[in-house]
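A.B. asks:
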Amino acid sequence: MFGRGVRLGRVLGIEIYVDYSWLIIFILLLWSLSGGFFPNRYPGLSRAVYLVLGGASAVLLFVCVLLHELSHSYIAQRSGIPVPRITLFIFGGVAQISEEPRSAKAEFNIAVAGPVCSLALSVLFWAFSQLRLFSGDVRFVALFEYLAVVNLALVIFNMVPGFPLDGGRILRAYLWDRWGDIKRATYTVSRIGSGFGIVLIVLGGVSVLTGNLIGGIWFIFIGMFLNGAAKSGYRMTVLKDALEGVRVADIMTRRVVTVSPLITLSKLVRDYFYLHIYVSFPVVGEGEEFLGLVSLKSVKDVPQAQWDAKTVGDVMIGASELKTLSPRDEALSALNALMSSEPGRIVVLESGRLVGILSQRDIMTLLAIKTDLGA
Ligand SMILES: [Zn+2]
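Residue numbers for the sequence shown follow the numbering used here, beginning at -13 and rising by one.
1. Under 8 Å between the Cβ atoms of Pro87 and Ile72?
2. Sort Val102, Leu186, Pro289 and Ser57 by Cα distance to Gly209 and report the nearest one.
3. Taking 7 Å as the line, does the beta carbon of Gly100 fall inside it for any heavy atom of ligand 1?
4. Give the list of continuous alpha helix (DSSP H) stretches no shorter than 4 residues that lie fully inside the region 281 to 319.
5. Over what stretch of residues does the beta strand (DSSP E) that includes Val146 continue unbroken?
6. What did DSSP end up calling Ile72 once you bin it into helix, strand or coil?
7. Which word fits Met302, buried or exposed, when buried means at least 16 other C-beta atoms lie within 10 angstroms of its C-beta?
8. Quick one: complete alpha helix (DSSP H) runs, 4+ long, within the region 15 to 102?
9. Who does Arg(-7) pair with in a DSSP beta bridge?
10. I'd like the ranges of any beta strand (DSSP E) spanning at least 3 consecutive residues and lying wholly in the region 162 to 208.
11. So, helix, strand or coil for Glu131, using DSSP?
12. Taking contact to mean 3 or more Cβ pairs, one atom from each stretch, closer than 8 Å, check whether the region 114 to 121 and the region 162 to 179 are in contact.
13. Hey, how far is the Cα of Phe(-12) from the Cα of Leu74?
14. Per the DSSP calculation, Thr239 is bridged to which residue(s)?
15. Put Val224 into one of helix, strand or coil per three-state DSSP.
16. Where does the unbroken beta strand (DSSP E) through Leu335 begin, and where does it stop?
17. Cα separation between Val(-3) and Ala42?
As structure tokens, then:
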């Protein structure tokens, strides 16, 4: 989702990106502000002025969202958590805070920083409008009033106590501190977050039915986004909790069925794929050295007529092209590697020798056992 975008620059050592989806919100804002909000509230200005006001408001709102995310990031960095990137996208901004805060206090500070920044901006713009800066020119008053209102709306929306919104993180920090159990705290605030998402979807549906098409669809999208993010946030916490301190050596399969590079594909299919139900096999040479991996796909790419002539060594994926693991790697980073690897199994090597193999199934089995035992 956050792959495509334009890099804007670097602030506090953080790469700032704008996702292309942000253009949609820019156009929607420009259209609804210059065509509806500003002409209704501040009548008597020219069409060009409304367009400039709409454009300036959309850009400044974008700057305000960026400042909100920078506030989270600044406090995260001060708590020792690196923030490599901030991405602004259709639903606002996301600071990629690289790890979960280590304490409830750090979580609270990081979460509260964003709404505090937005509230300060709201007060500042409200003061600008009241102080009649630029001799009370209605065009500037309109801009400041809009920014005051929209920053206040950001505070209110973000303070809904459902994960992954800031309010949800603040509540999680409080419950985490009280119960001493981050998993239980996350579960509670995730349920609130996904419930809030569903409420937005229902409200959106009602709006669509009563004629407010764009507003309604917008609510439905934000509701779906929040509902999904709340659920995956909880799954991630459970996973991290269960895999904490677990190494690849603890969960890998040690008795690995290997094949020789010299056998033909017919033999491979008959004696290995049909006999053992795996989609890939490590290839090991005479001296037990690891050579590569042969998968069902590498065989399928060869016409069946050639299966007697071609050998495993001809079609295997060489060791240098494969992602491998060490027994000392952490299970959590191994799971990330597994999710992005094609054959679904990764070999574990120790000084060039095959010592085991790890599949998503191994990790899921461990999770199932831990959940059954209530760990
Ligand atoms: Zn925030």
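Ideal Cβ placement from N, Cα and C applies to all residues, glycine included. Here the structure is a predicted model, which means the values were calculated and not measured.
C.D. replies: So, from the data block:
1. Position 101 of the sequence shown, counting from 1, holds the residue named residue 87. Position 86 of the sequence shown, counting from 1, holds the residue named residue 72. Against a cut-off of 8 Å, the Cβ pair of Ile72 and Pro87 comes out as no contact.
2. Translated into the one-based positions of the sequence shown, residue 209 becomes position 223. Ranking Val102, Leu186, Pro289 and Ser57 by Cα distance to Gly209 puts Leu186 first.
3. Taking the first residue of the sequence shown as position 1, residue 100 is located at position 114. True, at least one ligand heavy atom lies under 7 Å from that Cβ.
4. 282 to 286 and 298 to 301
5. As a first step, residue 146 must be located in the sequence shown, where it is residue number 160. Taken as a continuous stretch (DSSP letters only), Val146 belongs to no beta strand (DSSP E), as it is neither H nor E.
6. To locate residue 72, count along the sequence shown from 1; it is residue 86. Three-state result, Ile72: strand.
7. Here the question's residue 302 lines up with position 316 in the sequence shown. Answer is buried; the Cβ neighbour count reaches 16.
8. 24 to 27 and 33 to 64
9. For the purposes of this step, residue -7 is taken as the residue at position 7 of the sequence shown. In the DSSP output, where bridge partners are listed per residue, Arg(-7) has Tyr3.
10. none
11. Indexing the sequence shown from 1 puts residue 131 at position 145. Looking at Glu131 - three-state DSSP - the assignment turns out to be helix.
12. no
13. If you number the sequence shown from 1, residue -12 lands on position 2. If you number the sequence shown from 1, residue 74 lands on position 88. Any reading at Phe(-12) must be qualified, since the residue scores a pLDDT of 47, below 50, and its modelled position is unreliable; the value itself is stated next. When rounded, the distance between both Cα atoms is 9 Å.
14. Within the sequence shown, numbered from 1, the residue matching residue 239 stands at position 253. Bridge partners of Thr239: Ile343.
15. Taking the first residue of the sequence shown as 1, we reach residue 224 at position 238. Of the three classes helix, strand and coil, the one that applies to Val224 here is helix, per DSSP.
16. Within the sequence shown, residue 335 is the residue found at index 349, counting from 1. Element bounds for Leu335: Arg331 to Glu336.
17. For the purposes of this step, residue -3 is taken as the residue at position 11 of the sequence shown. For the purposes of this step, residue 42 is taken as the residue at position 56 of the sequence shown. Using only the alpha carbons, I get a separation of about 22 Å.
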